[in-house]
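Structure record follows, encoded as structure tokens.
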Amino acid sequence: MNVNSPAAFFVGNIPVFGNLILSPMDGLSERPFRSLVRKSGSAMSYTEFINAMDVLAGIPRIQKKIAYYEFERPVVFQIFDDDPDRILNAARQLIPFQPDILDINMGCSAHHVAGRGAGAGLLPQPHKVASIIQNLVRNLPIPITAKIRLGWDDHNRNYLEIARIVEDCGAQLIAVHGRTKAQGYSGRADWDAIAEIKTLLHIPVIANGDVQSVANIQRIQTHTRCDGVMIGRAALFNPWIFSYRDRQQVSQKEVKLWIDTHLNEMIEFHGIDQGLILFRKYLKRLLSPYQLNEETILPLLTETDLDKFKHNLDLLFNSSLIFKP
Ligand SMILES: Cc1cc2nc3c(=O)[nH]c(=O)nc-3n(C[C@H](O)[C@H](O)[C@H](O)COP(=O)(O)O)c2cc1C
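All residue numbers for the sequence shown refer to our numbering, where the first residue is -9 and numbers rise by one.
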């Protein structure tokens, strides 16, 4: 992520200096975690997805979802909805907050999203995909991108059609999670399908799904020839993956420093009580590579007093932690 080196790829006219990117993750890729990961090597910052209806209704929690630090640029706001006009209107309201790029979620498999025709629910509606992208490209001053899955289910893997539409309608990048909606997060991500999309398109293609280690990064790059690699769940137990380090290479001291910094960011962002409670979901995942029994982990994950929490953490990290086999 060195701005003096050439860009890895461009999103329209926006250079991206690096090819590893933190996935958007609802409830997780908010500013505290995302900005730390950005510092550790992720090349651009996607917000968690934002409901267009919430934007139009002026729901206050949107402010937190779109908060970012200047150093995180390029910043991508991700929107979901099933209605082209509502998406455009919401996007227009978000433009004053100065995102660099606007992304449309065409991958969410959750019932309350896909079930109403948004997220992955857009994949069986190619005409709507075309309207959404065209509408945005014609009316907004920033690049438009999309994040897709391979299709609704095994019988409807229309990823080539969708990818072609996204590009033909003027989008400037596509990220592909190599699973269908029906798969959810089960089975293996199909990297062959991502490679097919890369062969077909001229805009940058970001490969996503099942990258868990540095070796996987190299494998997916060789396999798909994609312009970038997006990493989601593995970033939660190994945020150092963005600097090409596997978790076993990260010292206990570095993990503790990460925890302290992340906790401070969470408290600054959410306030002490909420910050501490929300921090637990990250801590649980970050500690998951270590062999820890319930008696050790449970008091830590249920502590509500900040000083006691910090004290317990210090005790834990003053002992020798052993990785799971
Ligand atoms: C908890 C969670 C929340 C997610 N939220 C979003 C989201 O808001 N927008 C999105 O495009 N994808 C979302 N995803 C999907 C991820 O971006 C990614 O496509 C998926 O996890 C596969 O990548 P991975 O194998 O590296 O985790 C989410 C995934 C998880 C696990």
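Note that beta-carbon positions come from the ideal geometry of N, C-alpha and C, so glycine has one too.
The Cβ neighbour count for His167, taken over all protein chains shown within 10 Å, is at least 16; the residue is labelled buried.
The residue among Val201, Phe232, Ala225 with its C-alpha nearest the C-alpha of Thr214 is Val201. Rounded to the nearest whole angstrom, the C-alpha separation of Asn3 and Leu305 is 50 Å.
Scanning the segment 68 to 140 from its first residue to its last, the whole alpha helix (DSSP H) runs of 4-plus residues come out as 74 to 84, 101 to 104, 116 to 129.
Remark: the shortest separation between the CB of Phe39 and any heavy atom of ligand 1 falls under 7 Å. Annotation for His167 indicates a beta carbon within 7 Å of some heavy atom of ligand 1.
Put simply, the segment 48 to 61 does not touch the segment 96 to 114. Fewer than three CB pairs are less than 8 Å apart.
Assigned with DSSP and collapsed to three states, Tyr175 falls in coil, not helix or strand. Of the residues assessed, Ala42 falls on the buried side of the cut-off, its CB having 16 or more other CB atoms within 10 angstroms. When the beta-carbon positions are compared, Pro133 and Val1 come within less than 8 Å of each other. In the structure shown, Ser241 falls within a coil segment according to DSSP collapsed to helix, strand and coil. At a threshold of 7 Å, Val201 counts as near ligand 1, since its beta carbon sits closer than that to one of the ligand's heavy atoms. Using a Cβ distance threshold of 8 Å, Ile155 and Pro116 count as a contacting pair. By a beta-carbon distance limit of 8 Å, Ile11 contacts Met220. Their separation comes to about 5 Å. For Ala224, the Cβ falls inside the 7 Å cut-off from some heavy atom of ligand 1. Annotated as distal: Pro89 and Phe61, with beta-carbon spacing of 8 Å or more. Short note on Asp44: C-beta not closer than 7 Å to any heavy atom of ligand 1. Boundaries around Glu38 are those of the beta strand (DSSP E), 35 to 41, since no alpha helix (DSSP H) includes it. For Ile221, the uninterrupted beta strand (DSSP E) segment begins and ends at 218 to 221.
Judged by beta-carbon spacing, Ile69 lies beyond the 8 Å limit of Ala57, meaning their Cβ atoms are not closer than that value.
For Gly31, the closest alpha carbon among the candidates Leu112, Phe232, Val204, Ile164 is that of Phe232. Taking C-beta atoms as the reference points, Lys171 and Ala110 count as a pair closer than 8 Å. DSSP, reduced to helix, strand and coil, places Tyr280 within a strand of the structure shown.
Less than 8 Å divides the Cβ of Trp181 from the Cβ of Ile210. For His167, the enclosing beta strand (DSSP E) stretches over residues 164 to 167. The Cβ-Cβ distance between Arg169 and Gly160 does not fall below 8 Å.
Not one heavy atom of ligand 1 lies closer than 7 Å to the C-beta of Met256. Secondary structure at Asn198: strand, using DSSP grouped into helix, strand and coil.
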